[in-house]
Structure formats: C-alpha cells, structure tokens
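Colleague:
Number of protein chains: 2
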Amino acid sequence: MPEITRRADRLPGTRYGNRPTMKDVAARAGVGLKTVSRVVNGEPGVTPDTERRVQEAIEALGFRRNDSARVLRKGRTASIGLVLEDLADPFYGPLSRAVEEVARAHGALLINGSSAEDPEREQELALALCARRVDGLVVIPAGDDHRYLEPEIRAGVATVFVDRPAGRIDADVVLSDNFGGARDGVAHLIGHGHRRIGFIGDMPRIHTAAERLRGYRAAMEDAGIPVDDRWMSLGTTSPERVRRAAEEMLSAPEPVTAIFTGNNRVTVTVIRVLAEQSRQVALVGFDDIELAELLQPGVTVVAQDSAALGRTAAERLFRQLDGTLVAPERIELPTRLITRGSGELPPAD
Amino acid sequence: MPEITRRADRLPGTRYGNRPTMKDVAARAGVGLKTVSRVVNGEPGVTPDTERRVQEAIEALGFRRNDSARVLRKGRTASIGLVLEDLADPFYGPLSRAVEEVARAHGALLINGSSAEDPEREQELALALCARRVDGLVVIPAGDDHRYLEPEIRAGVATVFVDRPAGRIDADVVLSDNFGGARDGVAHLIGHGHRRIGFIGDMPRIHTAAERLRGYRAAMEDAGIPVDDRWMSLGTTSPERVRRAAEEMLSAPEPVTAIFTGNNRVTVTVIRVLAEQSRQVALVGFDDIELAELLQPGVTVVAQDSAALGRTAAERLFRQLDGTLVAPERIELPTRLITRGSGELPPAD
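The listed protein sequences correspond, in order, to chains A and B.
When you line the first sequence up against my numbering, it's residues 2 to 350, in that order.
When you line the second sequence up against my numbering, it's residues 2 to 350, in that order.
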C-alpha cells in the first residue's frame, strides 16, 4: 500500500486578514525587503546562505506571496488553472466540473488546458498558466518530473496534483486507490470461478495503469494463480490496439474466460469485442461508464469518484492559498465495486 | 432555414509577412499613428468622425493588431481561449479536442473555461481570457448579447462562435443544422407510423433547443399532424425534470408512442425511463451517445459532428489571425441520421 500521511494541518493565526507579510519574513531572516522579494520571485543576486535563511523564515511563518490582497491590488479576477490529460475522456468531465465549482465558490475562475499525455506539453501549459498569473494549479500530470514547477511554487502558486502523483517534488497529491480497486475487481472475478483472467490497460509509464496492473498481480498471487504473460497487455487505449489485445487473449489455445479492463476507454472497446463473441466472457472494468446498467449484461465496474477527486484537490488548493496547510499530503480516495452482471458470469468452459 | 452566406474569403497579399501595419491604416485614414492606436485599443480622445474613418481604413486593409510579430515581440506563447458551456457534457469533449489539435498545429496553446450556461459567467470568463492575452477566442455562447466583446475584437482578438450564434454582433459562427436535423429525425418517426410524438428538450432560450423544437414542429406540420401542447416539454436537462416529463407523456390517456429527445443529456435519461416501460416506445435522440449501438434496441440518433464543429471554428479563427478572411460568415454543418433500432419501432397501439 502507498504510504498515506495525514497531519494536523491548520496553523493558528494564518488565515486571511492576519497573514505574514514579506516584512515579517525580512525581519525574521534579518535581511532587507528587497532580498526577500528576490528570493520569492526567483531573481538572482542572493547568496545561497541568505536564500536558505529567507526560505526558512518563509516556511516558519507560512508566508505566501499569492494573497488575496495582491489579487485585489492588481484588479485581476482570481483564477486557478487545471492541467488535464485529455479533454475528450469522460472521466475528466466530472473532475473538471468539481474543480470549477470549488473555484467559483471561492470567487475564482477556472482555466483549463490539456497535455494530451505529453510531458513537454504539460510543462509548457502549466508554465503558460503561471505566466498568465493563475493563483494556483491543479495538475493531472503526464510527466514524472515536476521540478520545473519549483520556482512557481516558491513564488506562491498553490499546487495540487490529482489522479497521478507528482514526480521529484514534495506536493499535495489526491489519488484514487488504484491498486486496491484493481485488486478487489480481479478478486471478484476469481471469486466467480475464473482463473484465466486477462488484464488490458493503459501505457505502463502512467502511474494509474501501473498501479492497477499491480493490483491485478496481487489478486492473482493472493489466489495462488500463476499469471501467463500473454494475459497482460499494456499500451495505448486506441480502439485498434485494445481490440487486437482482446482478440488475441480470446483466441489463444487456452483463452481467458474473463477480462479486467484498466480504464473506461479500454472498457468501451472490450464491450464491443465481447458483444461479437459467441461465448460469454466475464468483464470487470476500472471506471464507471454511462448507461453501463442498461447493457446486456450490465457492466460490473470498479468506480472512482471522479468528482470527489476534483473537489478534494481544489479544496486543498484553496486551503494552501488561505495559508491553512502546513505540509504536503498524499490523500487516497476509495473506489467502489458496482456489480451489474458482467463480472458475475461464470467461466464459459 | 437560417440564411447562410459564403463569400470568397481570401484577400490577396494579406498573409503572414506581408500584412498591413498601423502605419498603413494611418496613411489611408489620413490621421496620425497615435489616433489609430487609440481607436484600436478603444481609448478615448477620438471624434466619432475620425473613428469612423480609421475603422473604414482598418476594414479596407484587413488590418489586425494581433499579428504573430506582436506575439513574438512579447516573448509569449501564442494561445487561444475556448469558452465552453459545460465541462462534463460529453458532446463538448471531441469539440474541445479538435480545437486543441488545430491550435497545436498552429503552435498555440488552448486554454478553456466553462460558463456553466450562465451569460454573466460567459462574459467574465471571455474577458478574463482576453486580459490574459489570448490571441483568439472560440465561444460557445450562454448569453445572447456579445457586444461586450466589441472592444476586444477591435483590439485584434480573433473571435468565432460555435454551436450557437453570436448575439447582437457580426461574427463568424459555426453551427450544426439543428433545425434540419430535428425535422429529419421526427419525419423518420412519422415515416414509421407514429403520430403522437413527444419532444423533450433543453431550455427554450438556448438557440439549439429552440431550433430543434422548430424542426419538430415543421416535421409534424409537413405531415399534417396537429401538435398537442402536452407533447412538448422544454426545461433543464436534469434527470429529475426529464424523467418527470417523459413519464407524464407516457402515462397520459392517449400516450405518445415515440419520443424525440433534444440532446444527449435528455436522451440518456429517456433511455432509462423507456427501459422501465412495459410497452415499447420509439426513440430518436439528437446527438450520438457512446455505446448506443449496443443497447437493446440500439438507439437511433441525429448525430452532429462535434469534432468538425470544433475544427471548423478553430481553423476559421486562425485564418482570421492570418488576415485571410474579410467578412464574418455563418457556416452550417449537416447532421446525420443513424438508424439502430429504437427509431424504427412501430407504434405500440
């Protein structure tokens, strides 16, 4: 299990209206205001030792540049940015809307963009949003190295990662229990008599795909079932790739009798493939899909609460901006197995 | 039918690298450079007569402030903004992604936000994106008065409206043939023997909802079928409201034998209601829905090409920025009837 830390995260006396100023930081660090400004804005001309003293003062006081006073002074609308992975993936719809609703409740606009699963584009977009003076960023990361955000975070941009963890920086992260959810879903298939179970997932470099594969392996191991390499297929979620993977597993000499699909894009294609098969094949999918209950059989899924992921991340972001958080946390939300028929089919042989 | 204008829209000699400058505008209008700058930036101190002369010169020359040179000068990443209606509506997924792909092909970032169907929020968001120096805006309008964008358009922000028309300004608009699509869908039901046909749509102040209702009425009139007021229900697309509307039509003394649903959010709820009915009720939905072909019966729809709407709008936006367009157009894309079973059921009585 990933380590989950939860700490008392309110620092008394750091709420709106009573927040530390640059002057407080300067006084505590024993330096001038201009020096604090240089450190906060990542400008040159500060010795490493002085920078360390200023950073310590900033951390001790919980100072953030990005206060509402600054927003009001500049006459800007407060705004936060959301870096998505794919604008057309329905999983992100409720997540985005939840982030937007929290933003609106805080009087802030939400502006989004998509990385299209490209780490360079994620960076370009995140920095472009910062350059456009967002007060905070919610990031669904495509890459695994987020040190490029350190100067922005130092400059007071609140940052929360959601759906997948941050890489190489210490940051707030809100995830689903991808490992546990997949393990439960596969154990459910095993409980209905399956032993030859396929796993079709997204590219292994994607955290969620890797975690769900780990869950599949754990469930199989718990049941003492050796896994055949041909039962596991990771790659893009394009319909062509997924269809080929499913058809190969189903036409092998000893075909799989059940498939666990690693996300909603994979599930939709596998449902189409299974509808063409002459024998029944069990299916459990990660992520819920619309109208799953009206298909025949209904589709059993491990559902994430996509809206709760977005809401939790956004609320955490505004608490960072409020100055009421003291340390980054990793928050994991539970998944839920919803049985509708496809995951309860017995093995065909 | 809405009027559709298509004009020769390339002006020779106005492509990148050979574009009119403010100096050209000043020379043609017979005014100083500062005066042109004032008009372009919406600043005071210009008499109405002078402003008119400058505007005429701007139009004659096809001048736009927002050229790539300016972008490069400021060292910014080029970007365009997209104002959506609802982040969680799957109809907008392919549209957003298509806009993003065109933006990327032009080396520009896309940043989005959602109006949540609130005209004030649409305005706030559009202006916030302009303040963040987007080069152009694709807007799915929630409101019906877009004069607030006139200063931005004058200042060179390219602007295209998509899915719904602009209000009270002359602007590029890319729409689906909502009227024709709905008329065809309802005529299809009439062709299968239905006379008591219900229409459940979105709020009538929304252009697409009003056009689709008009298409319903036209098809009924063409067939000489008088429409009972109780067969038409317009309002929010919340599942509760839609369910109530469908159940009322189905439990009336002379119940409808078919329903035409005005968009994908309505269709999904009506599919659920119909699945609970003891008798078969025909259904044609506006907008395609995922897995519609695997439901029983398959769902017959009038499909819009959501990606083509986004692509067409974005390409038009970049041609505005290129200076290769001379006058706003209204472009209408065709819809497509996809028969899958639900729309071909005969009347139950």
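Even glycine gets a Cβ: it sits at the ideal position worked out from N, Cα and C.
Tell me B:ALA259's beta-bridge partners as DSSP assigns them.
Modeller: In the DSSP assignment, B:ALA259 forms a beta bridge with B:ILE198, B:ALA283.
Colleague: Output needed for A:VAL354: all residues of its chain with C-beta closer than 6 angstroms, excluding positions within five of it in sequence on either side, in chain order.
Modeller: This structure cannot settle anything about residue 354 of chain A, because the visible part of chain A is limited to 2 through 350.
Colleague: Taking its Cβ as the centre, do 16 or more other Cβ atoms sit within 10 Å of B:PRO142, making it buried, or is it exposed?
Modeller: buried
Colleague: Against chain B, does A:ASP306 count as a neighbour if the rule is that its beta carbon must be under 7 angstroms from one of theirs?
Modeller: Chain B places no beta carbon closer than 7 angstroms to that of A:ASP306, leaving this residue out of the contacts.
Colleague: For a test of the three-state rule: what should DSSP assign to B:VAL161, helix, strand or coil?
Modeller: In the structure shown, B:VAL161 falls within a strand segment according to DSSP collapsed to helix, strand and coil.
Colleague: By the three-class DSSP mapping on this structure, what secondary structure does B:THR301 have?
Modeller: strand
Colleague: Any idea what DSSP makes of B:MET233, helix, strand or coil?
Modeller: In the structure shown, B:MET233 sits in a strand (DSSP, three-state: E or B).
Colleague: Within the chosen definition, does the segment 96-111 of chain B reach the segment 248-258 of chain B through at least 3 CB pairs nearer than 8 angstroms?
Modeller: The way I'd put it, the segment 96-111 of chain B doesn't touch the segment 248-258 of chain B; fewer than three beta-carbon pairs between them come closer than 8 angstroms.
Colleague: Spell out whether any CB of chain B is found under 7 angstroms from the CB atom of A:GLU241.
Modeller: no
Colleague: Taking all protein chains shown into account, decide if B:PRO353 is buried (16 or more other Cβ within 10 angstroms of its Cβ) or exposed.
Modeller: A question about residue 353 of chain B goes unanswered here, because the residues of chain B that appear run from 2 up to 350.
Colleague: Which whole-angstrom value is the C-beta distance of A:VAL267 and A:ILE201, which I expect to be below 8 angstroms?
Modeller: Contact flag correct, Cβ pair sits at about 5 angstroms.
Colleague: Do we get a CB-CB distance below 7 angstroms when we pair B:GLY114 with the residues of chain A?
Modeller: Yes, B:GLY114 lies at the interface with chain A (some Cβ there is under 7 angstroms from its Cβ).
Colleague: Counting only the same chain and skipping the five closest in sequence on each side, list residues whose C-beta sits under 7 angstroms from that of B:GLU294.
Modeller: ARG341
Colleague: Residues of the segment 257-287 of chain A with a CB closer than 9 angstroms to any CB of chain B: list them in chain order, please.
Modeller: VAL269, ILE272, ARG273, ALA276
Colleague: By DSSP, does A:GLY76 sit in helix, in strand, or in coil?
Modeller: With a pLDDT of 48 at A:GLY76, under the threshold of 50, the predicted position of this residue should be treated as unreliable, though the coordinate-derived value follows. In this structure, A:GLY76 counts as coil in the three-state DSSP scheme.
Colleague: Check for me: the alpha helix (DSSP H) holding A:ARG331 runs from which residue to which?
Modeller: Where A:ARG331 is concerned, there is no enclosing alpha helix (DSSP H), although the beta strand (DSSP E) around it starts and stops at 331-334.
Colleague: So, A:VAL303 versus A:GLY182, is the Cβ gap smaller than 7 angstroms?
Modeller: A Cβ-Cβ contact shorter than 7 angstroms links A:VAL303 with A:GLY182.
Colleague: Return the bridge partner residues of A:SER177 from the DSSP annotation.
Modeller: The partner list for A:SER177 (beta bridge, DSSP) reads A:LEU334.
Colleague: Can you give me the C-alpha to C-alpha distance between A:GLU291 and A:VAL300, rounded to a whole angstrom?
Modeller: 10 angstroms
Colleague: Below 8 angstroms on the Cβ atoms is my contact criterion, and I expect A:ALA220 with A:ALA188 to pass it. Report the Cβ-Cβ distance as a whole number of Å.
Modeller: Their Cβ separation, rounded to whole angstroms, is 4 angstroms, which keeps A:ALA220 and A:ALA188 in contact under 8 angstroms.
Colleague: Give the straight-line distance between the Cα atoms of B:ARG337 and B:GLN305, rounded to the nearest whole angstrom.
Modeller: The straight-line gap from Cα to Cα measures roughly 7 angstroms.
Colleague: Checking the sheet assignment: what are the DSSP bridge partners for A:GLY355?
Modeller: This structure cannot speak to residue 355 of chain A, because chain A is shown only from 2 to 350.
Colleague: So, is A:GLY324 buried or exposed, given that buried needs 16 or more other C-beta atoms within 10 angstroms?
Modeller: buried
Colleague: Thinking C-alpha only, which one of A:ASP223, A:GLY236, A:ARG218, A:THR237 is nearest A:ASP229?
Modeller: Residue A:ARG218 is the option with its Cα nearest to A:ASP229.
Colleague: Do you know how far the Cα of B:HIS208 is from the Cα of B:PRO166?
Modeller: 8 angstroms
Colleague: Are A:GLU333 and A:LEU176 touching if we call contact CB-CB under 7 angstroms?
Modeller: Cβ atoms of A:GLU333 and A:LEU176: closer than 7 angstroms.
Colleague: Helix or strand or just coil, what does DSSP make of B:GLY342?
Modeller: strand
Colleague: Over the uninterrupted alpha helix (DSSP H) stretch that includes A:GLN278, give me the two end residues.
Modeller: It is not in any alpha helix (DSSP H) - A:GLN278 carries neither H nor E in the DSSP assignment.
Colleague: From this set, A:LEU296, A:ALA58, A:THR160, A:VAL282, which residue's C-alpha is nearest A:PHE319's C-alpha?
Modeller: A:THR160
Colleague: Beta-carbon of B:ILE337 versus every beta-carbon of chain A: anything under 7 angstroms?
Modeller: Before going further, note that residue 337 of chain B is Arg rather than Ile in the sequence given. No - not a single Cβ of chain A is within 7 angstroms of the one on B:ARG337.
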